[in-house]
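To start, the structure under review is shown below, and the notes come after it.
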Ligand SMILES: Nc1ncnc2c1ncn2[C@@H]1O[C@H](COP(=O)(O)OP(=O)(O)OP(=O)(O)O)[C@@H](O)[C@H]1O
Ligand SMILES: Nc1ncnc2c1ncn2[C@@H]1O[C@H](COP(=O)(O)OP(=O)(O)OP(=O)(O)O)[C@@H](O)[C@H]1O
Ligand SMILES: [Mg+2]
Ligand SMILES: [Mg+2]
């Protein structure tokens with residue numbers, strides 16, 4: 401599903417260069433559940449942005465479902481993103497003037513789904529993350545953890561083939577975190593590939609494989625022993 | 401230092417009412433180190449906003465250092481906030497067009513400190529949170545955890561008497577979290593009162609007292625046994 405080879409991402413600031421990704425190579429098969437860990441600033445969100453077709457690498461190759469991403473034009477990237485990828489951003493990125501249910505419906509606007517079905521599916525997704533009673537609240541009327549859960553509901557409403565989640569439980573208490581991880585496990589069992597960034601070992605244990613980054617490179621890549 | 405009695409905060413949405421705080425009473429003495437815990441949506445950030453003079457309660461009393469806050473005008477509240485309180489917001493709230501060091505200097509603009517000393521103190525605060533090499537980056541050139549640390553540096557630059565920190569380590573890996581908690585312990589030993597919201601038991605153990613909220617009320621309030 402995902403093949404990246406020698407991926408590099410350089411930021412230039414004046415005459416300084418920062419290699420946020422410094423040669424990352426890995427393959428993720430369809431249906432895997434992968435956790436990405438590493439210190440603050442090690443390149444996790446940068447890697448997720450490249451995987452999510454939100455950012456292009458400085459060099460290296462990226463194939464998503466056998467399609468070479470590196471050569472894609474913006475229009476093509478947008479199409480791939482909307483149809484195949486669900487993304488939970490580290491800073492949620494909700495639209496402040498729309499309610500929870502309107503935010504969750506957004507990915508369906510690109511599809512052929514009509515308004516009544518969009519609304520019903522968005523309400524169902526909000527139910528799945530425990531927010532049935534907050535559907536008409538706007539982001540500034542929601543707690544931090546509630547905003548994060550709206551972002552999660554939005555990311556899964558299209559039942560994407562690939563879910564990229566950057567710290568999806570960072571703002572959640574342990575009980576709510578477990579509910580969200582059980583939801584991801586269920587979607588993964590139904591075929592969705594899950595790649596999630598986390599700092600918490602308790603969250604990483606839900607994954608079948610843990611990749612650790614350090615200074616823009618892979619430090620280790622370990623699969624769980626099968627039971 | 402802090403006395404709140406029967407604090408309530410109601411939000412009205414159409415004809416629905418939501419009591420985010422539903423009768424909270426507590427006292428915190430100067431120099432304490434308190435952790436506030438509770439499920440997502442239980443009222444923690446709402447309580448912090450009232451303690452930080454950013455929001456007024458619907459009813460109930462709040463005395464900060466023996467001054468009755470409930471009756472204050474906005475100008476007076478702003479003066480108290482700037483001089484006595486440091487605040488780390490759950491969503492960081494950095495100014496996007498300013499660099500890290502400019503963001504950290506902001507609280508000193510209200511004081512009599514001149515520009516060269518402001519710059520030197522802001523650089524020192526950024527050093528204390530491990531960001532000496534990111535001082536001229538703007539927020540969108542920083543990782544999530546780096547943005548959080550800029551917010552922390554900004555909150556302590558005035559050496560406020562009261563530090564209110566809402567999930568200050570939420571975006572940080574465990575090593576960086578420990579460094580930040582050691583910094584808070586040091587400032588607390590120097591006399592700063594610390595009230596921090598956290599979901600993580602490992603972070604709460606740094607505090608001498610843990611207050612748990614549920615549905616806008618205090619569920620429990622326990623002090624650590626002294627050693
Ligand atoms: N402006 C508002 N209008 C309506 N309801 C609000 C508003 N702000 C907050 N709420 C509601 O008040 C409740 C408490 O919110 P608060 O932000 O204090 O929770 P919290 O304990 O900080 O949660 P978290 O751990 O998720 O950050 C939530 O259920 C939220 O939906
Ligand atoms: N636009 C940019 N310009 C310059 N440097 C950048 C930019 N974006 C990110 N960086 C730097 O690249 C590095 C990696 O950032 P990234 O956001 O990928 O880290 P991360 O592993 O997600 O960290 P965290 O755990 O704190 O979220 C950081 O050191 C950051 O300062
Ligand atoms: Mg990140
Ligand atoms: Mg909160």
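Residue numbers (the numbering used here), protein chains in the order written: chain A, 401 to 627; chain B, 401 to 627.
Where a beta carbon is used, it is the ideal one built from N, C-alpha and C, also for glycine.
Here residue 550 of chain A carries a helix assignment [DSSP, helix/strand/coil]. Taken through DSSP and simplified to helix, strand or coil, residue 586 of chain B comes out as helix. For residue 445 of chain B, the enclosing alpha helix (DSSP H) covers residues 444-451. Its chain contains 418, 420 as the residues whose beta carbon lies nearer than 7 Å to that of residue 411 of chain A, once the 5 sequence neighbours on both sides are disregarded; these appear in chain order. At a cut-off of 9 Å between beta carbons, residue 593 of chain A makes no contact with chain B. Secondary structure at residue 563 of chain B: strand, using DSSP grouped into helix, strand and coil. Taking 8 Å as the cut-off, one finds at least one heavy atom of ligand 4 near enough to the beta carbon of residue 567 of chain B. The Cβ of residue 573 of chain B sits closer than 9 Å to at least one Cβ of chain A. Around the beta carbon of residue 605 of chain A, fewer than 16 other beta carbons sit within 10 angstroms, so the residue counts as exposed. Taking each of A/561, A/560, A/581 in turn and checking the Cα distance to residue 570 of chain A, the smallest one comes out for A/581. The three-state reading of DSSP puts residue 437 of chain B in strand, counting E and B together.
When B/416, B/422, B/414 are compared, the shortest CA-CA separation from residue 405 of chain B is found for B/422.
Of all residues in the segment 439-459 of chain B, only 439, 440, 441, 442, 443, 444, 445, 446 come within less than 9 Å of chain A when Cβ atoms are compared, listed by chain position. Here residue 448 of chain A is near residue 566 of chain A, since their CB atoms are less than 9 Å apart. Inclusion of residue 490 of chain B in the 8 Å shell around ligand 4 follows from its C-beta lying nearer than that to a non-hydrogen atom of the ligand. It is roughly 8 Å from the alpha-carbon of residue 577 of chain A to the alpha-carbon of residue 568 of chain A.
Of all residues in the segment 539-566 of chain A, only 541, 542, 543, 544, 545, 546, 547, 548, 549, 566 come within less than 9 Å of chain B when Cβ atoms are compared, listed by chain position. A straight line joining the alpha-carbon of residue 459 of chain B with that of residue 548 of chain A spans about 30 Å. CA-CA distance, residue 583 of chain A to residue 457 of chain B, rounds to 37 Å. In this structure residue 501 of chain B touches residue 535 of chain B by the C-beta definition: roughly 4 Å separates them, less than 8 Å. Separation of the CB atoms of residue 426 of chain B and residue 621 of chain B is rounded to 7 Å, and the pair is thereby assigned contact status at 8 Å.
Bridge pairing for residue 487 of chain A: A/564 [DSSP]. Contact of residue 411 of chain A with chain B is assigned, a C-beta pair being separated by under 9 Å.
Secondary structure of residue 481 of chain B (DSSP, three-state): helix. The beta carbon of residue 468 of chain B sits no closer than 8 Å to any heavy atom of ligand 4. In this structure, residue 553 of chain A keeps its C-beta atom at 9 Å or more from the C-beta atom of residue 515 of chain A. Exposure of residue 510 of chain A is indicated by the presence of fewer than 16 other C-beta atoms within 10 angstroms of its C-beta. At a Cβ-Cβ threshold of 9 Å, residue 563 of chain B and residue 585 of chain B do not count as neighbours. Listed in chain order, the non-local C-beta contacts of residue 542 of chain A below 8 Å within the same chain comprise 500, 534, 550, local neighbours out to five positions each way being set aside. By DSSP's assignment, residue 416 of chain A forms a beta bridge with A/413. For residue 605 of chain A, not one C-beta of chain B is nearer than 9 Å to its own C-beta.
If you look at residue 509 of chain B, you'll find it isn't in any beta strand (DSSP E); DSSP assigns it neither H nor E. In terms of beta-carbon proximity, residue 491 of chain B lines the interface with chain A, with at least one pair separated by less than 9 Å.
Taking non-hydrogen atoms of ligand 1 into account, the C-beta of residue 411 of chain B is found less than 8 Å away from one of them.
Listed by position along chain B, the residues whose Cβ is nearer than 8 Å to that of residue 576 of chain A are 439, 440.
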